[in-house]
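Following: one structure in structure tokens, then a few remarks.
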Ligand SMILES: [Zn+2]
Ligand SMILES: [Zn+2]
């Protein structure tokens, strides 16, 4: 395996997911040092529920205003990095440019990240946020599934592709405010097999956490079907 990987690296040397420059140094994985410097990782002082990072405050972790005002249906949400600069560009290239090679590298990058205060062993299965069939046909793949597959491989746990399904077609959430997003997404999901969800701790996976309306609606749907705890993991988060 080691030899095969070395040969593959010579034929297809790994390139930076940001600027596409060849990564020459052994210690550079996924991003070159310049691009890596642009990434704001979401660690340090965070909200223990939604995981938002208080970049300006060195204080200990504490609940954020949103989570105090309205406790989400998930028990924790964590993301790798802020959705900006090279992270935004790489994710858009994957999703809208349909670049599956970038997608699978981003997925490994996500699986390598030590999500703060999260232990995969506390969970029973991974569930990707589903795309509506119309969107899926348009794009050809569900980006959440690609990310979830890397986590499944890393943590050796079941990935339940179709536990959640889209119950209705919703307009794009882009450009909508938090309350509008919540209204737009309400009732958008259904659980295909309630028995499979009952009493389970579930890791919900998506690419970007924007206001959290989509993953919160997924978590609400899973909890109504009897799921116990929901953790949300995303590659990036709008800050
Ligand atoms: Zn780069
Ligand atoms: Zn919070």
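In our numbering, the protein residues as written are 2 to 240.
Note that the Cβ used here is the ideal one computed from N, Cα and C, for glycine as well.
For residue 126, the enclosing beta strand (DSSP E) covers residues 126 to 129.
If you ignore the 5 residues before and after residue 106, its C-beta comes within less than 7 Å of the C-beta of 18, 31, all in its own chain and listed in chain order. Of the residues assessed, residue 52 falls on the buried side of the cut-off, its CB having 16 or more other CB atoms within 10 angstroms.
In the structure shown, the three-state DSSP call for residue 83 is strand. Residue 160 and residue 127 do touch by the CB rule: their CB atoms are close to 5 Å apart, below 8 Å. By the criterion of at least three beta-carbon pairs nearer than 8 Å, the region 161 to 174 is in contact with the region 130 to 144. Listed by position in the chain, the residues whose beta carbon lies within less than 5 Å of some heavy atom of ligand 1 are 17, 19, 20, 33, 36. Judged by their CB atoms, residue 199 and residue 226 are nearer to each other than the 8 Å cut-off. Not one heavy atom of ligand 2 sits closer than 7 Å to the Cβ of residue 147. Residue 116 is positioned such that its CB atom lies no closer than 8 Å to that of residue 220.
Residue 72 and residue 215 have their alpha carbons spaced roughly 15 Å apart. The Cβ-Cβ distance between residue 33 and residue 43 does not fall below 8 Å. Taken in chain order, the complete beta strand (DSSP E) segments of 3 or more residues contained in the region 149 to 201 are 165 to 167, 190 to 192.
For residue 218, the enclosing alpha helix (DSSP H) has its first and last residue at 214 to 225. Residue list for ligand 2: 48, 50, 51, 65, 68 (CB closer than 5 Å to any heavy atom, chain order).
Your pair residue 203 and residue 118 does not check out as a contact, with CB atoms roughly 17 Å apart and the cut at 8 Å. Here the region 173 to 182 does not lie against the region 94 to 114, with fewer than 3 beta-carbon pairs under 8 Å apart.
About 11 Å separates the Cβ atoms of residue 218 and residue 169, ruling out a contact at the 8 Å cut-off. The closest CA to that of residue 69, considering only 98, 50, 58, is found on 50. C-alpha of residue 143 to C-alpha of residue 87: approximately 21 Å in a straight line. The beta carbon of residue 240 is closer than 6 Å to those of 83 in its chain, skipping five residues each way along the sequence. In terms of Cβ geometry, residue 209 and residue 92 form a close pair [threshold 8 Å].
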